[in-house]
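Enquirer: Positions 4 to 190 (this note's numbering) are the ones given, in order, by the sequence shown.
Think of the CB as a built atom: it goes at the ideal place given N, C-alpha and C, for glycine as much as any other residue.
Treat the numbers as computed from the prediction; the structure is a model and nothing was measured.
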Amino acid sequence: KGRKMLTTTKEEKRMRWLLVLVLFMWGSNFVFTKKLLETFSLWTFLFFRNMVAVLAILIIVRKFLDIKPRDNKIWLYILGVSIIGVTINNIFFQLGVKHTLVTNASLIMGLTPLATAFISFLVFHTPLYWKQMLGVCFGLFGVTLVVLKGSIHTLLQLSFNIGDVYMLVALLSFTVGFIFIKKATDS
Numbered sequence: 004k005g006r007k008m009l010t011t012t013k014e015e016k017r018m019r020w021l022l023v024l025v026l027f028m029w030g031s032n033f034v035f036t037k038k039l040l041e042t043f044s045l046w047t048f049l050f051f052r053n054m055v056a057v058l059a060i061l062i063i064v065r066k067f068l069d070i071k072p073r074d075n076k077i078w079l080y081i082l083g084v085s086i087i088g089v090t091i092n093n094i095f096f097q098l099g100v101k102h103t104l105v106t107n108a109s110l111i112m113g114l115t116p117l118a119t120a121f122i123s124f125l126v127f128h129t130p131l132y133w134k135q136m137l138g139v140c141f142g143l144f145g146v147t148l149v150v151l152k153g154s155i156h157t158l159l160q161l162s163f164n165i166g167d168v169y170m171l172v173a174l175l176s177f178t179v180g181f182i183f184i185k186k187a188t189d190s
């Protein structure tokens with residue numbers, strides 16, 4: 004009595020399963036890429052990965068976003084996403100995963116929401132609200148704690164290898180790709 008029953012529609016269940024699938028794909032991406040780069044050359048793997056990404060972008064843009072080629076401004080944003088957010092990102096992501104630990108790569112890419120918030124603030128003057136800033140601080144603290152393994156000694160001996168630098172470039176290009184997507188969807 005007085006309790007409201009929570010019901011889930013078929014569509015909500017389907018969306019939840021899709022979200023779980025996306026999380027699995029994102030999380031396993033680091034491990035699979037590392038393993039595949041042991042078998043295939045970087046450039047062969049990059050070619051096929053980008054070919055699939057470009058086809059996916061074209062399908063999504065044409066079918067789900069209902070964007071028509073006559074809107075040139077939006078197509079420029081899509082071109083920006085394709086070049087920076089997909090191609091450049093994949094080059095540096097794969098170079099990074101090849102030369103660093105999978106853990107380092109996933110932690111660095113885990114900073115994507117933080118980087119996106121800050122770059123959006125700097126470039127588009129998108130306001131950062133206190134809840135967002137609190138989330139950014141907690142996120143940064145959490146990533147730092149994990150990377151440093153909770154040790155101040157680790158902080159004093161912190162060093163980066165070339166793979167970590169590649170992953171930072173991948174992070175920035177991925178973030179810029181998100182910004183192009185935002186601009187395309189706002190137009």
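Rounding to the nearest angstrom, what Cα-Cα distance links Thr-147 and Asn-107 in this structure?
Expert: Locating residue 147 in the sequence shown gives position 144, where the first residue counts as 1. Locating residue 107 in the sequence shown gives position 104, where the first residue counts as 1. Their backbone Cα atoms lie some 11 Å apart in a straight line.
Enquirer: Got a sec? Which residues, its chain only, sit under 6 Å from Gly-166 by beta carbon, not counting five neighbours each side?
Expert: Position 163 of the sequence shown, counting from 1, holds the residue named residue 166. Only Gly-99, His-102 and Thr-103 meet the Cβ criterion.
Enquirer: Indicate whether Leu-204 and Phe-124 have their beta-carbon atoms separated by less than 7 Å.
Expert: Only positions 4 to 190 of the chain appear in the structure, and residue 204 is not among them; the question remains open.
Enquirer: Could you compute how far the alpha carbon of Asp-189 sits from the alpha carbon of Leu-21?
Expert: Working through the sequence shown from its first residue, we reach residue 189 at position 186. Working through the sequence shown from its first residue, we reach residue 21 at position 18. So the alpha carbons of these two residues sit roughly 25 Å apart.
Enquirer: Below 7 Å CB to CB, which residues in the same chain sit around Leu-117 once its five sequence neighbours on both sides are set aside?
Expert: Start at 1 with the first residue of the sequence shown, and residue 117 comes out as number 114. So the qualifying residues of the chain are Val-139, Gly-142 and Leu-143.
Enquirer: If you pair each beta-carbon of the stretch 81-93 with each one of the stretch 53-66, do three or more pairs fall below 8 Å?
Expert: Touching, yes, given that three or more Cβ pairs across the two stretches are closer than 8 Å.
Enquirer: Would you decide whether Gln-160 is buried or exposed? Buried here means 16 or more other CB atoms lie within 10 Å of its CB.
Expert: For this step, residue 160 is matched to residue 157 along the sequence shown. By the 10 Å Cβ count, Gln-160 comes out exposed.
Enquirer: By the 10 Å Cβ neighbour count, where 16 or more other Cβ atoms means buried, how is Gly-30 classified, buried or exposed?
Expert: As a working note, residue 30 is residue 27 in the sequence shown. Label assigned to Gly-30: exposed.
Enquirer: Would you mind stating whether Gly-83 and Phe-181 have Cβ atoms separated by less than 7 Å?
Expert: Numbered from its first residue, the sequence shown carries residue 83 at position 80. Numbered from its first residue, the sequence shown carries residue 181 at position 178. No.
Enquirer: Between the beta-carbon of Val-34 and the beta-carbon of Val-105, is there less than 7 Å?
Expert: The residue you call residue 34 lines up with position 31 of the sequence shown. The residue you call residue 105 lines up with position 102 of the sequence shown. A contact, by the Cβ cut-off of 7 Å.
Enquirer: With a CB to CB cut of under 6 Å and the five nearest residues on each side skipped, what residues in its chain are close to Glu-14?
Expert: Here the question's residue 14 lines up with position 11 in the sequence shown. Counting only Cβ-Cβ distances below 6 Å, and skipping sequence neighbours, we find nothing.
Enquirer: Could you tell me which uninterrupted alpha helix (DSSP H) segments, each at least 4 residues in length, are contained entirely in the stretch 90-147, listed from first to last along the chain?
Expert: Complete alpha helix (DSSP H) runs here, min 4: 92-102, 105-112 and 115-127.
Enquirer: My understanding is that Phe-95 touches Val-172, with C-beta atoms under 8 Å, so please give their C-beta distance in whole angstroms.
Expert: The residue you call residue 95 lines up with position 92 of the sequence shown. The residue you call residue 172 lines up with position 169 of the sequence shown. Confirmed, Cβ separation roughly 4 Å.
Enquirer: What's the gap between the Cα of Thr-42 and the Cα of Tyr-169?
Expert: Sequence index remark: in the sequence shown, residue 42 carries index 39 (1-based). Sequence index remark: in the sequence shown, residue 169 carries index 166 (1-based). Going from the Cα of Thr-42 to the Cα of Tyr-169 covers about 20 Å.
Enquirer: Could you check which residue in Trp-46, Arg-17, Thr-12 and Asn-164 has the C-alpha nearest to that of Gln-3?
Expert: A question about residue 3 goes unanswered here, because the residues of the chain that appear run from 4 up to 190.
Enquirer: Applying the 10 Å Cβ sphere with the 16-neighbour rule, what's the burial state of Leu-137?
Expert: In the sequence shown, counting from the first residue as 1, residue 137 sits at position 134. Exposed, by the Cβ-count rule.
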